[in-house]
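Take a look at the structure below.
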Amino acid sequence: LSNELGWDGLGVSSYCLVAYYSNKKSFNASIITIMMNRIGDIMILILISLFMKYGSWNFLFINKLNLMMLIFIMMAAITKSAQIPFSSWLPMAMAAPTPISSLVHSSTLVTAGVYLLIRFNYLMNNQFMYMLIMLSCLTMFMAGMTANMEFDLKKIIALSTLSQLGLMIMTISMNLPKLAFFHLVTHAMFKSLLFLCSGIMIHNLFNNQDIRFMSMINLNMPFINLTFNISSLTLCGMPFLSGFYSKDLIIEIFLMNNFNWMMFLMMFLSMSMTISYTCRLMFYISMKNIKINMKNFYLSLNLMNYSIILLLMKSMFYGSILNWILFSSLNIIFMNKFMKLMIYLFLMLGMLIGLMMPMISMKKFMNNMYMYMFKYINNMWFLPMLMKKNKNNILNMNNKLIFLSDYSWMEMIYCKQNMIYMMLIFKMKNIYKLNFMMIMMFSMYIIMMMILF
Numbered sequence: 001l002s003n004e005l006g007w008d009g010l011g012v013s014s015y016c017l018v019a020y021y022s023n024k025k026s027f028n029a030s031i032i033t034i035m036m037n038r039i040g041d042i043m044i045l046i047l048i049s050l051f052m053k054y055g056s057w058n059f060l061f062i063n064k065l066n067l068m069m070l071i072f073i074m075m076a077a078i079t080k081s082a083q084i085p086f087s088s089w090l091p092m093a094m095a096a097p098t099p100i101s102s103l104v105h106s107s108t109l110v111t112a113g114v115y116l117l118i119r120f121n122y123l124m125n126n127q128f129m130y131m132l133i134m135l136s137c138l139t140m141f142m143a144g145m146t147a148n149m150e151f152d153l154k155k156i157i158a159l160s161t162l163s164q165l166g167l168m169i170m171t172i173s174m175n176l177p178k179l180a181f182f183h184l185v186t187h188a189m190f191k192s193l194l195f196l197c198s199g200i201m202i203h204n205l206f207n208n209q210d211i212r213f214m215s216m217i218n219l220n221m222p223f224i225n226l227t228f229n230i231s232s233l234t235l236c237g238m239p240f241l242s243g244f245y246s247k248d249l250i251i252e253i254f255l256m257n258n259f260n261w262m263m264f265l266m267m268f269l270s271m272s273m274t275i276s277y278t279c280r281l282m283f284y285i286s287m288k289n290i291k292i293n294m295k296n297f298y299l300s301l302n303l304m305n306y307s308i309i310l311l312l313m314k315s316m317f318y319g320s321i322l323n324w325i326l327f328s329s330l331n332i333i334f335m336n337k338f339m340k341l342m343i344y345l346f347l348m349l350g351m352l353i354g355l356m357m358p359m360i361s362m363k364k365f366m367n368n369m370y371m372y373m374f375k376y377i378n379n380m381w382f383l384p385m386l387m388k389k390n391k392n393n394i395l396n397m398n399n400k401l402i403f404l405s406d407y408s409w410m411e412m413i414y415c416k417q418n419m420i421y422m423m424l425i426f427k428m429k430n431i432y433k434l435n436f437m438m439i440m441m442f443s444m445y446i447i448m449m450m451i452l453f
């Protein structure tokens, strides 16, 4: 029950904060956000009602859950953590202010589903674990492809968050909840730092979020550029930074498992695309020619330096410290030579693609085939369009249901019939009054006749 209070509180606060700017884009994004999160809230409420079968809401004393409860837990987790097919709301929620994205959409709201799976991990069976690992691999692959085609700075960071959420859920599906929690904590540090640095850059660029107009940040804001690049390298898993200790261990344990070749391929491609969009983003903001004149508002933002320095230190050293705290024993990894070489091969491939993509002119590829492919990838496999269409269908269905129930037959039964009954009663009262007056007049007439005679 206490989990439900925090769960609903996160959803309502996210809805209010996404609609902060009070424009059409923010309102649409807030509606999509609250509708997606309501699905998970409904699942949690049904789960709480089903827990009454055990006589307690304390799930620590429960050893086994039935199939329906496991389905509700999985649905609640993938809606809150924006896994496929509920991934469209997270990039749209970037309509919120950047400090809100730094707090809510990097480490608290979106990780609530991961936390729920960590708490219920010992009750999940293998069939649900296999389904979770398929959904997480698809989410990582889709988020990496979309981030490589995106030009909005905040949406690129949101898609990287989506990819890392898929990595966390994949770790949980391999029965490694402690390692998933380790990556959750380290990811919160460097992703919050990324959002804060991007907010300062957007502020200095007159609220422009297009990375094609960002260039030479290292000349105008060297400290912000340094922290942004360090947090980006931490996201890639640069050795001896915080992200390295969790991501490297997750990938190596994944390669030791007995999965099919398609999952291995999607995992390698997702890893290379993470390197690709990170290198592409760093190239755009640091090495491209100057496209717009920048005013240096950096002096007015000195108060943010304290939080940025604190997050920078945690992004660099917190992973090593937490690794020694959480894991008392060392993990022995056995991998063949081919797997080790494949990791470095895909890392180099992702770096090469990320540095080459800004140099390639997209006009050469803008024929019909490549245009449709670009739209397909850039629109997250058309998931936002499907969700918007389903949202409209659901709202239209509710409108028809309300019309048929409240405005038609219920109105006929309760309102019109009651009016008919009231009119009949009123007429009967009039008849009674008329009959009473006739009886009184007849009595008076009889009395007068008796007096006269």
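First residue of the sequence shown? That's 1 in the UniProt record's numbering, and the numbers climb one at a time after it. Every residue gets a Cβ at the ideal spot worked out from N, C-alpha and C, and that includes glycine.
Residue nearest to Leu352 in terms of C-alpha spacing, selected from Asn323, Ile275 and Ala29: Taking only the C-alpha atoms, the option nearest Leu352 is Ile275.
Cut-off 8 Å between Cβ atoms - residues of its own chain near Gly350, not counting five sequence neighbours on either side: The residues are Met271, Ser272, Met273, Thr274, Ile275, Ser276 and Cys279.
Please report how far the alpha carbon of Lys295 lies from the alpha carbon of Phe223, in whole angstroms. With a pLDDT of only 49 at Lys295, under 50, the local geometry of the prediction cannot be trusted, and the value read off the model is given with reservation. C-alpha of Lys295 to C-alpha of Phe223: approximately 16 Å in a straight line.
Would you call the stretch 93-112 and the stretch 10-19 in contact, with 3 or more CB pairs under 8 Å? Cβ pair count under 8 Å is three or more, so yes.
Taking only runs that begin and end inside the stretch 126-171, name each unbroken alpha helix (DSSP H) of 4 or more residues, in chain order. At a cut-off of 4 residues, the continuous stretches assigned as alpha helix (DSSP H) that sit fully inside the stretch 126-171 are 126-149.
Using three-state DSSP, classify Leu10 as helix, strand or coil. When DSSP states are grouped into helix, strand and coil, Leu10 belongs to the helix group.
N- and C-terminal bounds of the alpha helix (DSSP H) containing His203: Taken as a continuous stretch (DSSP letters only), the alpha helix (DSSP H) holding His203 covers Pro177 to Asn204.
How long is the line joining the alpha carbons of Leu326 and Ala188, rounded to whole angstroms? The straight-line gap from Cα to Cα measures roughly 17 Å.
For Ile309, which of Leu193, Ile332 and Pro97 has the nearest alpha-carbon? Of Leu193, Ile332 and Pro97, the residue nearest in Cα terms is Leu193.
From Asp8 to Phe181, what does the alpha carbon distance come to, in whole angstroms? The alpha-carbon atoms of Asp8 and Phe181 are separated by roughly 22 Å.
Look at the Cβ atom of Ser173, then the Cβ atom of Ser231, and state whether they are nearer than 8 Å. For Ser173 and Ser231, no; Cβs fall outside 8 Å.
Does the distance from the C-beta atom of Asn208 to that of Asn218 stay below 8 Å? Going by beta carbons, Asn208 and Asn218 fall outside the 8 Å limit.
How is the alpha helix (DSSP H) around Ala112 delimited, first residue to last? Per DSSP, the continuous alpha helix (DSSP H) segment holding Ala112 begins and ends at Ala112 to Arg119.
Contact belief for Leu165 with Ala82 at Cβ below 8 Å, rounded distance in angstroms: Indeed they touch by this definition, with Cβ atoms about 6 Å apart.
May I have the straight-line CA-CA distance separating Leu5 from Leu45, to the nearest angstrom? Cα atoms of Leu5 and Leu45: separation of roughly 11 Å, rounded to the nearest angstrom.
Apart from the five residues just before and just after Leu312, which ones in its own chain have a Cβ nearer than 8 Å to its Cβ? Result list for Leu312: Leu193, Thr227, Ile230 and Ser231, in chain order.
Selection from Ile73, Asn323 and Leu109 that minimises the alpha carbon distance to Trp89: Closest by alpha carbon: Leu109.
Cα separation between residue 471 and Asn126? As displayed, the chain neither begins before 1 nor continues past 453, which places residue 471 out of reach and without an answer.
Under the rule that 16 or more other beta-carbon atoms within 10 Å means buried, what is Pro239, buried or exposed? By the 10 Å Cβ count, Pro239 comes out exposed.
Nearest-angstrom Cα separation, counted from Lys53 out to Gly243: Distance between the alpha carbons of Gly243 and Lys53 is about 42 Å.
Top-ranked residue by Cα proximity to Ile78, from Ile62, Arg38 and Leu50: If we check each option's Cα against that of Ile78, Arg38 comes out closest.
Please go through the same chain and pick out, in chain order, the residues whose beta-carbon is closer than 7 Å to the beta-carbon of Leu117, but skip the five residues on each side of it. Here the set comprises Ala77, Ile169 and Ile172.
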